Structure formats: C-alpha cells, structure tokens
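Engineer:
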Amino acid sequence: MATLRKLQITFDCAQPERLARFWCEVLGYVVPPMPEGFDTWADYDRSLPPEQQGAWFACTDPSGVGPRLFFQRVPEGKTAKNRVHIDVRAGTGLVGEERLATLEAERDRLVALGAVCERVMVADEENESCIVMQDIEGNEFCLD
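Position 16 of the sequence shown, counted from 1, bears residue number 18 in the working numbering, the numbering being contiguous throughout.
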C-alpha cells in the first residue's frame with residue numbers, strides 16, 4: 003500500500019509575500035500562524051539576516067484539504083511558459099452558458115486583484131469553456 007503524502011506546490015517568484023497573498027485571495031487560502039514569539043510576519047521577517055528577509059512566504063487551505071503553496075524568491079525572472087500550472091475549478095459541474103458566465107465572473111474578480119486574462123476558450127464539440135489567465139507575476143493558470 004502506498005504512503006499518503008502531503009502535497010506542496012512551490013512557486014519561484016520575485017515577491018513571495020505579494021504573490022502568496024494574491025493566491026490567498028484567489029483560492030480562499032490563509033496565511034499560516036506566525037512563528038512563536040512574533041506578533042506579525044513582518045516582525046518575524048525583520049528578525050532574519052538581511053539576505054533572508056522576504057525570501058519566502060506560504061499560504062494554506064484553511065480546511066487542510068488542499069496543498070500548501072510555497073513562494074520562494076529567485077533572482078531570475080520568468081522566461082517561458084509554465085511546465086505545470088494550476089487549474090482553479092470555478093465551473094465544476096456547470097455546462098454551456100451557465101459555466102461560461104460563472105467563469106467570466108470569476109475572471110473579472112481576479113482581474114480586479116491584478117490577474118491578466120490571456121484568452122477565453124469557448125466550449126466546442128469536445129471541451130467545455132475555460133479561461134487562460136496569468137497571476138500577478140505572469141504565471142499561467144486556468145479557470146476551469
């Protein structure tokens with residue numbers, strides 16, 4: 003029998019806290035509690051050596067079901083299409099116009115948070131509608 007493992011998805015990025023807070027808003031995730039002895043994450047961050055300040059941030063599913071998202075600062079910028087991307091399942095179980103309207107409403111909410119809509123893929127004979135998006139650092143994801 004296979005061992006059950008927890009899943010974490012890691013993003014290389016320029017601004018870990020900013021990107022983590024964006025994804026908290028997208029997914030309804032939360033910032034984990036501060037380490038013991040600190041009142042805020044900013045207090046904790048200031049306690050680190052200068053080269054480690056702002057180097058990472060995380061967010062978690064408050065229900066404990068979804069994977070932890072971890073954001074780590076890297077010096078290089080994004081240069082190509084993601085090899086892996088997140089599908090935000092906003093239209094699960096919906097079809098046709100109802101699905102498209104739901105996805106478009108979610109797209110509009112995310113654009114207000116700083117996301118970019120790349121393209122709307124309208125349903126055809128084989129696939130339901132989905133919307134290709136970019137987060138605030140240009141990482142692709144789909145509203146599905």
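Virtual Cβ for every residue (Gly too), placed ideally from N, Cα, C. Bear in mind that the values here come from a model prediction, so they are computed numbers and not experimental data.
1. Relative to the C-alpha of residue 127, which residue among 133, 104, 97 and 44 is closest?
2. Starting from the Cα of residue 84, find the closest Cα among 121, 144 and 40 and give me that residue.
3. Using only the alpha-carbon positions, how far apart do residue 132 and residue 74 sit?
4. Within 8 angstroms, do at least three Cβ pairs link the stretch 56-72 to the stretch 19-31?
5. Find out if the Cβ-Cβ distance for the pair residue 146, residue 89 is shorter than 8 angstroms.
6. Could you tell me which residues DSSP pairs with residue 144 in its beta bridges?
7. Can you check the stretch 28-103 for any alpha helix (DSSP H) of at least 4 residues that lies completely inside it and give the ranges in chain order?
8. Among the candidates 14, 12, 64 and 120, whose CA atom is the shortest distance from the CA of residue 27?
9. Give the straight-line distance between the Cα atoms of residue 94 and residue 134, rounded to the nearest whole angstrom.
10. Please identify the residue among 68, 77, 82 and 113 whose C-alpha is closest to the C-alpha of residue 91.
11. Using 10 angstroms around the beta-carbon of residue 137, count the other beta-carbons present and answer buried if the total reaches 16, otherwise exposed.
12. Thinking C-alpha only, which one of 101, 43 and 49 is nearest residue 18?
13. Taking just the CA atoms, how far does residue 115 sit from residue 76?
Structural biologist: To lay it out plainly:
1. 97
2. 144
3. Between the alpha carbons of residue 132 and residue 74 lies a gap of roughly 29 angstroms.
4. yes
5. yes
6. 89 and 134
7. Secondary structure in the stretch 28-103: the alpha helix (DSSP H) runs of 4 residues or longer, each lying completely within the stretch, are 43-48 in chain order.
8. 64
9. 16 angstroms
10. 68
11. Classification for residue 137: buried.
12. 43
13. 23 angstroms
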